[in-house]
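Engineer:
4 protein chains.
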Amino acid sequence: MTHLRSAEIQDEIDGDTLHEECGVFGILGHPDAAALTALGLHALQHRGQEAAGIVTFDGKQFYTEKRMGLVGDHYTDPATLAKLPGTISIGHTRYSTTGEVALRNVQPLFAELEVGGIAIAHNGNFTNGLTLRRQIIATGAICQSTSDTEVVLHLIARSRHTSTADRFIDAIRQMEGGYSMLAMTRTKLIAARDPTGIRPLVMGELDGKPIFCSETCALDIIGAKYIRDVENGEVIICEIQPDGSISIDARKPVNPQPERLCLFEYVYFARPDSVVGGRNVYVARKNMGINLAKESPVEADVVVPVPDGGTPAAIGFAQASGIPFELGIIRNHYVGRTFIEPTQSIRAFGVKLKHSANRAMIEGKRVVLIDDSIVRGTTSLKIVQMIREAGAREVHIRVASPMIYHPDFYGIDTPDADKLLANQHADLASMCRFIGADSLEFLSIDGLYRAVGGEKRNPARPQFTDHYFTGDYPTRLLDKNGDNTSPKLSMLASKG
Amino acid sequence: MTHLRSAEIQDEIDGDTLHEECGVFGILGHPDAAALTALGLHALQHRGQEAAGIVTFDGKQFYTEKRMGLVGDHYTDPATLAKLPGTISIGHTRYSTTGEVALRNVQPLFAELEVGGIAIAHNGNFTNGLTLRRQIIATGAICQSTSDTEVVLHLIARSRHTSTADRFIDAIRQMEGGYSMLAMTRTKLIAARDPTGIRPLVMGELDGKPIFCSETCALDIIGAKYIRDVENGEVIICEIQPDGSISIDARKPVNPQPERLCLFEYVYFARPDSVVGGRNVYVARKNMGINLAKESPVEADVVVPVPDGGTPAAIGFAQASGIPFELGIIRNHYVGRTFIEPTQSIRAFGVKLKHSANRAMIEGKRVVLIDDSIVRGTTSLKIVQMIREAGAREVHIRVASPMIYHPDFYGIDTPDADKLLANQHADLASMCRFIGADSLEFLSIDGLYRAVGGEKRNPARPQFTDHYFTGDYPTRLLDKNGDNTSPKLSMLASKG
Amino acid sequence: MTHLRSAEIQDEIDGDTLHEECGVFGILGHPDAAALTALGLHALQHRGQEAAGIVTFDGKQFYTEKRMGLVGDHYTDPATLAKLPGTISIGHTRYSTTGEVALRNVQPLFAELEVGGIAIAHNGNFTNGLTLRRQIIATGAICQSTSDTEVVLHLIARSRHTSTADRFIDAIRQMEGGYSMLAMTRTKLIAARDPTGIRPLVMGELDGKPIFCSETCALDIIGAKYIRDVENGEVIICEIQPDGSISIDARKPVNPQPERLCLFEYVYFARPDSVVGGRNVYVARKNMGINLAKESPVEADVVVPVPDGGTPAAIGFAQASGIPFELGIIRNHYVGRTFIEPTQSIRAFGVKLKHSANRAMIEGKRVVLIDDSIVRGTTSLKIVQMIREAGAREVHIRVASPMIYHPDFYGIDTPDADKLLANQHADLASMCRFIGADSLEFLSIDGLYRAVGGEKRNPARPQFTDHYFTGDYPTRLLDKNGDNTSPKLSMLASKG
Amino acid sequence: MTHLRSAEIQDEIDGDTLHEECGVFGILGHPDAAALTALGLHALQHRGQEAAGIVTFDGKQFYTEKRMGLVGDHYTDPATLAKLPGTISIGHTRYSTTGEVALRNVQPLFAELEVGGIAIAHNGNFTNGLTLRRQIIATGAICQSTSDTEVVLHLIARSRHTSTADRFIDAIRQMEGGYSMLAMTRTKLIAARDPTGIRPLVMGELDGKPIFCSETCALDIIGAKYIRDVENGEVIICEIQPDGSISIDARKPVNPQPERLCLFEYVYFARPDSVVGGRNVYVARKNMGINLAKESPVEADVVVPVPDGGTPAAIGFAQASGIPFELGIIRNHYVGRTFIEPTQSIRAFGVKLKHSANRAMIEGKRVVLIDDSIVRGTTSLKIVQMIREAGAREVHIRVASPMIYHPDFYGIDTPDADKLLANQHADLASMCRFIGADSLEFLSIDGLYRAVGGEKRNPARPQFTDHYFTGDYPTRLLDKNGDNTSPKLSMLASKG
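Protein chains in written order, with full-length UniProt numbering: chain A, 1 to 496; chain B, 1 to 496; chain C, 1 to 496; chain D, 1 to 496.
In structure tokens:
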């Protein structure tokens with residue numbers, strides 16, 4: 001099992017895809033808490049397909065279930081839900097690798113505190129997680145997972161404050177990076193978003209009960225109402241009162257920075273029907289395609305999306321250019337859990353496991369391929385080759401985002417910088433030759449800003465997080481740049 | 001496990017979807033026979049996602065592997081392929097239910113004959129399978145599966161002919177219905193298509209070695225060349241000769257009827273990039289949308305496909321009508337294996353497990369929904385409701401195929417006739433009210449014929465199989481209409 | 001999974017153990033039919049630990065469950081039993097290897113006949129199974145398992161008789177060898193024992209309902225009453241009558257030979273508390289030890305059984321010799337399913353996985369080891385070595401059965417003749433040296449006959465089956481000695 | 001799965017058996033460390049059959065594997081061992097229930113300390129574990145398991161000492177109760193035994209490398225030499241030196257109490273071939289039988305052990321009384337993992353799943369049944385009934401240990417005191433009537449002391465731990481008797 005790799009994971013190994021690490025969902029005071037959490041996580045499945053966990057509290061006891069695989073593989077049958085009783089629930093879905101250790105790292109994590117149990121789950125990454133881990137181990141803490149979430153638990157446990165909420169805020173104040181975090185105790189559901197607002201988190205409501213989740217699509221699936229985005233640097237504490245009512249207490253314990261939502265949520269991660277930062281993602285992507293058509297027009301016969309990511313931009317490109325939109329590439333959605341390229345002798349099939357050319361729309365035609373982004377370019381290369389083999393006269397690539405030069409440290413898994421296409425070639429012409437296209441153009445950073453927010457980038461105070469394109473990191477990077485001379489930790493491996 | 005149902009299966013129970021039963025793939029004389037078969041089956045996965053089997057022969061022994069689940073879940077890691085050595089291989093993918101019995105029914109089936117082993121696999125259904133089964137049981141045969149394929153094996157085993165090919169033809173002559181069948185022996189790969197050519201089967205070639213498969217997309221994935229369609233009523237016998245060359249012997253042992261390919265392959269089953277009967281499926285579907293726009297135009301702001309089936313027709317409809325094509329419904333591709341609607345109290349979510357409305361493209365708009373077909377209408381009803389909740393001003397449904405009135409007996413799993421939408425309502429207006437749309441129109445039978453074949457239906461000699469729309473069955477229906485007074489068979493149930 | 005081997009299987013590979021292939025159990029007309037069958041099979045678990053199957057009929061339908069593993073691993077929870085409703089049931093437990101093919105071969109086997117379904121299960125082996133298989137395949141039958149049981153099904157299916165009972169007898173008449181067989185139809189439970197009575201089969205009764213099983217211990221566990229042994233060559237047909245009563249019809253369709261029960265049932269296979277052929281097995285084994293002490297006395301300090309097989313004989317030996325009986329070897333009963341000797345470098349541990357020396361009873365002592373039988377002698381060699389390392393002054397081996405020279409063809413899995421200890425050495429002294437004992441003696445054939453039946457062997461008409469010791473096979477051996485010039489069958493392998 | 005219960009677990013639920021919680025094994029500096037640990041744990045399997053774990057260190061990294069089930073089910077195939085490289089290893093086997101939580105609690109536990117990783121495993125129980133847990137949680141520690149072992153880890157992590165050994169000793173000093181503990185770091189293997197020496201721990205040697213394990217049988221299986229018992233209150237620190245040699249440093253950091261080994265190790269837990277506290281367990285048990293025959297003689301025809309526990313005492317009883325020893329009860333060793341009594345209507349079978357009467361040795365006889373101990377008496381009751389049904393004229397029970405009145409707090413899982421047979425009846429006569437025997441006698445406490453240690457109990461300073469018989473607990477019981485007014489901890493349940 002451990003040797004098998006899904007096509008998705010293979011892509012990851014090839015370094016030609018990006019991964020968001022998580023989606024979170026929480027609800028307070030609802031009799032169907034676990035079932036609603038399962039549905040919410042299902043709607044957030046695109047943010048992580050490899051494992052999911054749910055914690056509930058039923059007034060007496062906390063319950064948890066953690067499983068490798070899709071939410072829909074495990075969490076929705078009555079037998080599993082019956083193991084998650086209670087009216088408070090938080091859940092987490094992530095991408096990860098297989099095995100026992102992974103399961104140990106699956107969130108939410110739980111800890112027994114003096115004041116009672118607490119469970120937390122987060123999306124994103126801490127830029128000082130390792131630094132803090134070393135500090136608390138030095139003072140006698142035991143870390144059993146390799147997850148930064150555990151560090152947060154330790155900070156909560158060690159806080160001198162009495163109330164859980166204050167302890168949570170105490171911990172949050174020490175963490176740096178980009179994250180959206182949910183916590184639950186015996187009576188509370190707490191939501192927090194990082195000071196810069198890099199990762200998204202929204203607040204909704206169902207039957208008068210508060211909900212927090214990564215994207216609005218998780219509200220839509222259960223018919224919940226969108227209330228507002230959790231603000232950057234905000235902590236919202238919802239608590240069931242003795243009379244059954246729910247109090248909501250919103251605080252800004254840290255001095256917030258100007259909000260800078262991650263542009264990659266718009267480019268790639270968020271579901272097209274979600275509203276992120278008040279903007280419909282599908283509309284933003286269509287705008288990217290429209291702006292791309294304006295910036296880099298091309299004479300062609302068909303606009304073909306690289307499915308599914310490139311489809312909205314392709315629709316925008318087609319509408320702006322007047323060139324017909326056609327499904328020139330068909331995606332195979334049945335890739336399976338362990339699909340690997342069968343044998344060395346037939347490895348070349350590669351991309352065809354997921355994509356196939358629709359020859360009737362390609363043959364003899366000048367094709368504009370629209371993709372959402374290019375990471376290493378190896379997939380693009382194979383797709384161009386496939387399109388040419390299907391008889392295209394010309395193949396032009398238009399990418400609905402700028403070139404990627406820099407790694408992320410806020411929860412997006414990026415390949416090493418020197419593996420990025422943009423860093424491997426001196427200029428666009430060289431990239432174009434590598435990929436084998438007749439022309440290659442990327443959306444400009446201002447084109448992207450305008451597609452998402454209506455205005456071009458403000459260099460003095462950029463409206464969004466965009467370091468992968470620009471190198472402008474929205475926070476300091478302590479683990480990366482700090483003192484790393486302390487001895488390396490032992491590692492416990494379980495290959496289960 | 002047995003109580004859980006995937007969303008797909010749930011749909012089936014609701015009776016609001018159609019299922020093709022199978023895809024087949026075979027190759028003769030290639031060193032990577034099993035790996036190529038696995039890839040071919042992967043490309044045919046849309047024809048059956050629940051189980052797959054492969055048989056190979058390595059010059060000494062036959063090998064078989066059968067598994068529940070996707071091809072990509074099992075068949076492509078080196079360990080599994082290592083259990084399938086040899087240069088001759090046939091494979092089969094099917095939709096089915098879980099459990100041990102199902103595994104017993106998974107094709108290919110194998111039998112030890114006096115002249116050596118034979119394995120067979122088929123797509124489609126025999127209209128006299130039960131009649132023949134009774135006859136052979138009456139003369140002392142033992143049936144261990146409930147699959148009609150086993151009946152074919154018995155007919156082969158009982159044939160008085162000496163050569164396997166003649167025995168196969170002897171069996172084929174006795175079978176009625178719509179089918180594409182592959183057989184393999186120690187030296188031969190045999191392909192057969194029913195006399196009316198209801199189910200598709202194509203011949204291809206890779207490195208000079210013959211391949212047969214249900215659709216051309218299975219050739220494309222391995223870079224094989226399409227040679228020609230197997231003709232209706234044709235049996236093609238490929239054999240490895242002592243000198244290593246391959247002989248190909250095409251026969252027409254039965255008096256063929258005029259070919260009548262199943263229209264539902266174009267409407268729903270075949271992959272859009274496949275070429276069926278010489279016609280690109282995507283083009284045919286776009287034409288259906290174009291003809292639909294001409295036949296039943298509507299004033300609207302957006303054309304929205306019910307994904308993924310309705311997308312090509314929606315593109316055609318949008319191009320023909322000038323109304324913009326938009327992704328107003330987002331499909332969740334991570335449905336999972338056991339997704340069920342969690343609890344009675346929240347059952348209403350239903351369709352949202354797979355589809356969600358993209359509010360930004362719907363709100364305040366007049367929406368034309370394009371679907372490929374309507375079976376019972378229960379899904380359409382939920383989708384219309386979801387679109388209305390997203391704020392649509394008007395919802396018009398345009399269906400890219402005619403109304404379905406009659407069950408199929410050639411391998412498509414249809415609900416009981418009285419459950420079909422068209423049979424539950426006196427007229428279109430009543431259907432429209434049931435579904436809750438502002439207007440509802442179906443493509444005419446002639447509109448469909450023209451979309452697929454360029455000409456309208458010839459009532460004297462219809463060019464395609466279309467009984468589900470017209471009641472005109474292309475063959476007699478012996479099991480259904482014949483003498484059914486013989487005692488009912490015992491049934492062996494294994495709920496494993 | 002396929003590479004792992006249990007210690008038992010390892011022994012088998014080493015060729016140093018014998019295996020009985022099966023135990024059978026059937027009951028007619030009892031509301032707890034499946035549960036009682038599961039309990040009966042549990043009591044017969046020593047006759048086959050690797051797989052078990054049960055078939056029931058509930059008045060409408062047959063049900064079957066087949067599982068690899070112990071009866072107690074699967075068959076006794078309410079969920080599994082709920083899948084086996086009905087008042088007629090037969091079950092089978094066997095030793096076998098793992099994997100899908102094995103499951104396909106697990107009995108009972110079922111067939112749909114013109115007159116209704118029939119399920120059969122048997123213990124033992126047919127000496128003309130392959131010959132008959134070839135004959136029926138030559139006339140068009142399809143064999144899907146490699147089990148001889150399937151051949152019986154075919155003979156039943158092909159019989160010209162009308163009634164199932166007559167068809168069953170027709171089939172039985174054609175089978176040769178040593179077997180006990182159960183069959184069930186919609187109303188009948190049929191039991192048959194081979195003409196020579198090689199394999200055991202007893203009839204019992206619970207709540208007035210007939211039961212058949214391999215040994216009386218399966219009656220004891222459910223509190224059923226022993227009625228009598230099924231006689232050699234007898235077929236007993238029990239049928240539920242329309243008024244609910246049960247008719248019992250005993251026939252002798254074949255001219256029976258004198259009964260010759262397999263001596264190895266007494267020496268090794270049967271459970272010590274069973275009564276086989278009217279004789280308590282524990283008493284017979286104690287007698288073997290008593291006779292052994294008389295035939296081959298030895299001066300020693302302790303009598304130590306090789307557990308568990310040698311224990312009853314050791315008790316007898318100790319009582320007859322006056323030497324104290326002590327547990328000088330402790331058996332580890334937790335061997336596990338996949339225990340293999342860990343690495344090449346520490347392979348020598350071998351026997352210690354199952355046995356360890358109890359030094360306090362060994363050190364400085366003259367030890368008489370009592371074992372039930374010696375097959376290849378490799379285990380004996382390791383045990384002697386272990387006993388010597390524990391400090392024994394002398395190690396004498398006394399074996400409670402004669403030397404084994406000849407293979408079995410009636411359901412006991414024996415190693416190739418040239419691997420048997422007795423065939424690898426010219427004389428007893430050489431065997432003794434090989435094993436490393438100070439002395440080695442086997443019970444005489446007459447000593448064994450007297451221990452079991454009270455009288456010495458009648459060479460003119462031996463009272464028991466004893467060919468492994470004497471070469472005197474009780475039946476002809478058609479498959480082994482007959483015409484084997486017909487072409488070898490293809491083999492279908494599934495390595496699952 | 002969660003509803004199924006093995007017969008063993010069922011016994012436990014019935015409260016009619018005792019369970020030791022663990023066996024431990026560790027080795028330092030051997031190239032086959034993991035394989036030897038697996039073999040050692042296999043030999044200790046009788047101390048816990050439900051789960052096992054192994055940790056190794058290979059000079060760079062720690063590795064761990066934890067599995068539910070028998071050691072022989074998982075740990076001995078090359079694939080698993082390959083995941084446990086290195087020359088330092090400790091392992092643990094335990095009895096426990098199924099599920100994910102259990103796996104989380106399976107030892108050894110590991111923690112990352114500032115000075116490097118440490119893994120620990122222990123047998124026994126801490127009488128102040130909960131008290132300490134509350135204290136450390138109050139000061140900010142996070143507990144993720146419910147195992148007391150984790151508390152030890154925390155104490156080590158929080159110690160102000162620099163060296164791991166000193167930290168370990170610091171932790172040990174704070175723990176109270178009865179335990180044997182192993183710890184391993186990157187260079188050290190540390191063994192510790194509680195100050196009273198309640199639980200056993202021995203030191204051995206293989207190829208010059210130190211080994212620690214619960215019983216000598218774990219040395220025997222790998223051919224290791226017994227060196228000595230770890231003394232009560234002793235900590236032995238073995239360390240690989242830079243030159244590859246191994247230093248051994250034995251300390252007595254706590255003021256040791258007089259040693260009092262747990263008598264139940266002799267009565268029930270230890271394997272008969274083990275040497276515990278310098279005394280062979282089989283000999284001790286035979287002596288119990290001999291003393292029992294002297295204290296409570298009875299006129300009878302056969303001495304029958306309740307297998308397997310009662311067998312050594314029965315041999316002793318038979319030798320001392322001159323009454324023949326016979327296997328009047330046969331044990332079924334194939335009980336299976338999930339065996340439950342099938343249905344309510346046939347629940348009465350009960351004990352027969354594991355035991356059956358050997359009628360030939362019982363019928364018409366006066367039977368003395370020898371059992372090792374009686375807990376609740378429910379099993380004894382069923383066995384007496386079974387023996388009577390098999391035709392015994394008289395049934396006398398002789399128990400080779402005294403009556404049990406008091407619960408254990410040192411690692412033996414005992415039922416509530418009021419469920420114990422001895423506490424439910426006013427006198428022996430009442431117990432005898434309850435069980436249905438003709439007579440019932442227990443070994444006296446002095447008889448037991450003499451059987452084990454040669455001398456009668458010294459009331460002023462008892463030589464052994466015997467509170468279950470006498471109420472004389474060897475340590476204070478802080479958790480039980482201390483201040484329990486602090487708030488109850490939340491509990492995290494995972495029903496996996």
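Every residue gets a Cβ at the ideal spot worked out from N, C-alpha and C, and that includes glycine.
Output needed for L448 of chain A: all residues of its chain with C-beta closer than 7 Å, excluding positions within five of it in sequence on either side, in chain order.
Structural biologist: Locating residue 448 of chain A in the first sequence gives position 448, where the first residue counts as 1. Cβ-Cβ distances below 7 Å link L448 of chain A to L263, M288, S401 and P402 in the same chain, with the five nearest sequence neighbours on each side left out; the list follows chain order.
Engineer: Check whether the stretch 197–204 of chain A and the stretch 151–167 of chain A are in contact - that is, three or more C-beta pairs closer than 8 Å.
Structural biologist: They do not touch, by the three-pair rule.
Engineer: Measuring only the C-alpha atoms, how far is D472 of chain A from V384 of chain A?
Structural biologist: Your numbering for residue 472 of chain A matches position 472 in the first sequence. Your numbering for residue 384 of chain A matches position 384 in the first sequence. Each residue's Cα considered, the two are about 32 Å apart.
Engineer: Rounded to a whole number of angstroms, what is the C-alpha to C-alpha distance between K445 of chain C and D301 of chain D?
Structural biologist: Taking the third sequence and counting its residues from 1, the one referred to as residue 445 of chain C is at position 445. Taking the fourth sequence and counting its residues from 1, the one referred to as residue 301 of chain D is at position 301. Correcting the residue identity first, residue 445 of chain C is Ile in this sequence and not Lys. Cα-Cα distance, rounded: 31 Å.
Engineer: Just to confirm my understanding: we take P272 of chain A, look at its own chain, exclude 5 residues before and 5 after, and list those with CB closer than 7 Å. What are they?
Structural biologist: Here residue 272 of chain A is taken as the residue at index 272 of the first sequence, counted from 1. Hits under 7 Å: V281, Y282, R285 and P312.
Engineer: Compare the Cα-Cα distances from A119 of chain D to each of D:D418, D:G26, D:M431 and D:K419 and report the closest residue.
Structural biologist: One-based indexing of the fourth sequence puts residue 119 of chain D at position 119. Of the candidates D:D418, D:G26, D:M431 and D:K419, the one whose C-alpha sits nearest the C-alpha of A119 of chain D is D:G26.
Engineer: By how many angstroms is the C-alpha of I169 of chain C removed from the C-alpha of G59 of chain C?
Structural biologist: For the purposes of this step, residue 59 of chain C is taken as the residue at position 59 of the third sequence. For the purposes of this step, residue 169 of chain C is taken as the residue at position 169 of the third sequence. Between the C-alpha atoms of G59 of chain C and I169 of chain C there is a straight-line separation of about 24 Å.
Engineer: Since V367 of chain D contacts V395 of chain D with CB under 8 Å, what's their CB separation in whole angstroms?
Structural biologist: Numbered from 1 along the fourth sequence, position 367 holds the residue referred to as residue 367 of chain D. Numbered from 1 along the fourth sequence, position 395 holds the residue referred to as residue 395 of chain D. The Cβ separation is near 5 Å, so the contact holds.
Engineer: Check whether chain C comes within 7 Å of R347 of chain B, counting only Cβ atoms and requiring the distance to be less than that.
Structural biologist: For the purposes of this step, residue 347 of chain B is taken as residue 347 along the second sequence, with counting starting at 1. Here the model assigns R347 of chain B a pLDDT of 49, short of 50, so the residue's position is not dependable and the matter cannot be decided.
Engineer: Ignore the nearest five residues each way along the sequence and tell me which others in G278 of chain D's own chain have a CB closer than 8 Å to its CB.
Structural biologist: Taking the first residue of the fourth sequence as 1, we reach residue 278 of chain D at position 278. Hits under 8 Å: D229.
Engineer: Output needed for K456 of chain A: all residues of its chain with C-beta closer than 7 Å, excluding positions within five of it in sequence on either side, in chain order.
Structural biologist: As a first step, residue 456 of chain A must be located in the first sequence, where it is residue number 456. Closer than 7 Å at Cβ, skipping near neighbours: D446, Y449 and R450.
Engineer: Could you check the C-alpha separation between N481 of chain A and I90 of chain D for me, to the nearest Å?
Structural biologist: For the purposes of this step, residue 481 of chain A is taken as the residue at position 481 of the first sequence. For the purposes of this step, residue 90 of chain D is taken as the residue at position 90 of the fourth sequence. When rounded, the distance between both Cα atoms is 38 Å.
Engineer: When you compare only the Cα positions, how much space is there between I190 of chain D and Y179 of chain D?
Structural biologist: Position 190 of the fourth sequence, counting from 1, holds the residue named residue 190 of chain D. Position 179 of the fourth sequence, counting from 1, holds the residue named residue 179 of chain D. Spanning the two alpha carbons is a distance of roughly 14 Å.
Engineer: What do you reckon, is the C-beta of R260 of chain B under 6 Å from a heavy atom of the ligand SAH?
Structural biologist: The ligand SAH is not among the ligands present in this structure, which contains no ligands whatsoever.
Engineer: The alpha helix (DSSP H) that contains M431 of chain A, what's its start and end?
Structural biologist: Here residue 431 of chain A refers to the residue found at position 431 of the first sequence. Run containing M431 of chain A: L428 to I435, per the alpha helix (DSSP H) assignment.
Engineer: Interface residues of chain D around H154 of chain A at Cβ under 7 Å?
Structural biologist: In the first sequence, the residue the question calls residue 154 of chain A occupies position 154. Going along chain D in sequence order, the residues near H154 of chain A (Cβ under 7 Å) are I142.
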